[in-house]
Amino acid sequence: MWSDPPAAPARTARSRYNKQTAHLYNLMGGSGYESGVSRIHEVNTWPLLEAVLKKADVARQCGGLLHCDYTDWTKKRDASADQLTRSICRDTIQWMANWCGADYSASPVGLHYVALTSIVDDLCIPPLDVVHGRFSMYGRTCRDLMQVMDQEHWGADGIHVLLSLLRQYLFQYAEKVDFENGLGHIGLHTQLSQTRAVWDSVVYRTYTANTYGAAIVIGRVTASGPLTATWLVDSAICDAISMDLAKSGLRVYEQDNHIPTDVGTNQAGEQMRKLERERRTEYHSVYLDLIDDLVDSGAPDAIVHFGRSGFLFVQIQDRYLERRAGRRFAIRPAMATQLDELFGEKPTDSTLDGLFRLRWIAENVVSEANIQPWGGGYSHFNITKLDWER
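Start counting at 1 in the sequence shown, then tack on 1, and there's your number in our numbering.
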């Protein structure tokens with residue numbers, strides 16, 4: 002899949018939603034397109050990430066789990082790890098159908114990989130638990146998936162999806178450990194959003210979503226190679242932003258735990274609102290620039306479609322409709338059959354079930370006591386000590 006072919010004639014039509022039409026709609030505030038948005042990093046994210054993970058390591062030396070380990074971030078009040086896992090695998094099937102059409106199940110290992118990249122958004126999973134095989138979905142660990150990819154000769158693609166997954170888990174964990182500001186501490190996302198320049202937040206958003214790894218899967222399923230690294234990265238960024246654009250239209254974007262366009266500096270009210278409008282316009286404009294670049298450079302249709310797909314899947318997938326309703330929907334019989342056929346019958350193991358239940362009880366106790374679970378002294382609270390070696 003990996004090569005660097007020269008630019009070719011466009012293989013797909015330009016989006017009707019583009020630089021000339023964006024201002025007609027109310028996405029991201031309705032300001033439309035702004036040219037010349039910088040794609041240069043202004044913040045070195047790695048020292049910030051290292052500092053957060055170092056704090057986590059220090060806290061973990063006390064034994065047991067961190068305050069956020071295996072907590073539920075869906076805001077849908079899942080009663081069990083089984084329910085959360087089945088729901089994210091349902092979401093995965095729907096995403097793959099949006100991206101690949103009738104070929105959604107053509108690569109079982111690709112499907113299972115996308116599920117593993119998706120669950121970390123909903124469940125706070127320590128990265129080393131994935132590396133060492135302590136976390137699994139339907140009995141499959143990350144190592145199991147990599148072995149299948151090796152057997153199927155994924156080659157460099159397998160290396161890239163693995164490294165992208167590990168990067169995602171590190172970034173997801175850091176943002177959950179460092180969720181809020183307080184007591185003189187400035188959170189990770191806040192440090193990325195001090196100015197109107199939004200590129201650092203765009204890249205962080207793409208890393209936490211791991212749309213890059215998903216783009217490689219899509220390229221393989223649709224036989225779209227050879228693909229340039231630029232096509233994969235641009236498509237990955239566009240997929241993440243198109244999702245947020247559509248969520249802003251449905252008024253569910255503001256419900257996200259981490260919002261890339263939020264302002265991370267304290268200023269007077271009107272100045273704060275102005276800065277937020279500017280960040281939203283820049284975020285929107287990055288998408289409009291990159292989706293045109295994909296078309297103009299001759300990227301394959303499947304890769305361009307992946308970049309645009311947020312406009313479709315946010316409107317029709319259960320995941321986002323549930324978020325709007327604030328509750329889970331029952332899994333339909335047809336989908337339940339697909340889950341059994343494509344993933345298996347047992348989503349979780351007894352260790353995860355018990356740990357999730359402990360977290361669920363603790364969060365309800367905290368909620369009833371009106372305690373803020375992410376601030377102050379509770380931030381390094383160890384709910385239990387658990388021996389993971391088995």
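Built from N, CA and C at the ideal position, the CB exists for glycine as well.
Taking the alpha-carbon of D240 as reference, which of F314, L112 and D130 has the nearest alpha-carbon? F314
Under a three-way DSSP split, which group does L129 fall into? helix
Can you tell me whether G376 is helix, strand or coil according to DSSP? Bear in mind that a pLDDT of 35 at G376, under 50, signals an unreliable position, so the number given afterwards is only what the model happens to contain. Coil.
For F357, collect the residues of the same chain with a Cβ closer than 7 Å to its Cβ; drop the 5 residues on either side in sequence, then sort them by chain order. Y71, S81 and A82
Can you round the beta-carbon distance between G345 and V222 to whole angstroms, since I take them to be within the 8 Å contact cut? In fact, because the Cβ distance is near 21 Å, the residues do not count as touching under 8 Å.
V204: which of T46, D297, H24 and L25 sits nearest, CA to CA? T46
Using alpha carbons as the reference points, say which of V115, S36 and H190 lies closest to R206. H190
Where does H259 land, buried or exposed, given buried means 16+ other C-beta within 10 angstroms? buried
Applying the criterion that 16 or more other CB atoms from any shown protein chain within 10 Å of the CB defines a buried residue, is C63 buried or exposed? exposed
Which complete alpha helix (DSSP H) runs does the region 133 to 160 hold, if anything under 4 residues is left out? 143 to 152
Would you grab the beta carbon distance between A23 and H306 for me? Rounded to a whole angstrom, and I think it's under 8 Å. About 19 Å separates the two Cβ atoms, so there is no contact after all.
The alpha helix (DSSP H) spanning R221 covers which residue range? T212 to V222
Do Y170 and V121 come within 8 Å of each other at the CB atom, strictly closer than that value? Here V121 is near Y170, since their CB atoms are less than 8 Å apart.
What's the call for I126, buried or exposed, on a 16-neighbour Cβ count within 10 Å? buried
DSSP on D73, reduced to helix/strand/coil? DSSP places D73 in strand when its eight states are reduced to three.
Does the region 340 to 354 come into contact with the region 83 to 103, if we say contact requires no fewer than three beta-carbon pairs (one atom in each stretch) closer than 8 Å? yes
In whole angstroms, what separates the C-alpha of W100 from that of G299? 19 Å
Over the uninterrupted alpha helix (DSSP H) stretch that includes Q62, give me the two end residues. Where Q62 is concerned, there is no enclosing alpha helix (DSSP H), given that its DSSP letter is neither H nor E.
If I'm right that C143 touches L164 with Cβ under 8 Å, what's the distance once you round it to whole angstroms? Actually they do not touch by this definition, with Cβ atoms about 12 Å apart.
Just to check my reading of the structure: L289 and Y34 have Cβ atoms closer than 8 Å, yes? What is that Cβ distance to the nearest angstrom? 5 Å
Minimum C-alpha distance to W232 - residue among G37, S194, F312 and L295: Taking each of G37, S194, F312 and L295 in turn and checking the Cα distance to W232, the smallest one comes out for L295.
Curious, which full-length alpha helix (DSSP H) runs of at least 4 residues does the region 293 to 367 contain? 302 to 309, 311 to 317, 319 to 326 and 334 to 343
Buried or exposed (CB count within 10 angstroms, at least 16 for buried), A228: The question names Ala, but residue 228 is Leu in the sequence shown. The residue is buried, with at least 16 neighbouring Cβ atoms inside 10 Å.
Please look up how many angstroms separate the CB atoms of Y174 and L146, rounded, as I've assumed it's under 8 Å. Between L146 and Y174 the Cβ distance is about 19 Å, and since that is not below 8 Å, they are no contact.
Label N211 either buried or exposed according to how many other C-beta atoms from any shown protein chain fall within 10 Å of its C-beta, with 16 as the threshold for buried. Flag for N211 reads buried.
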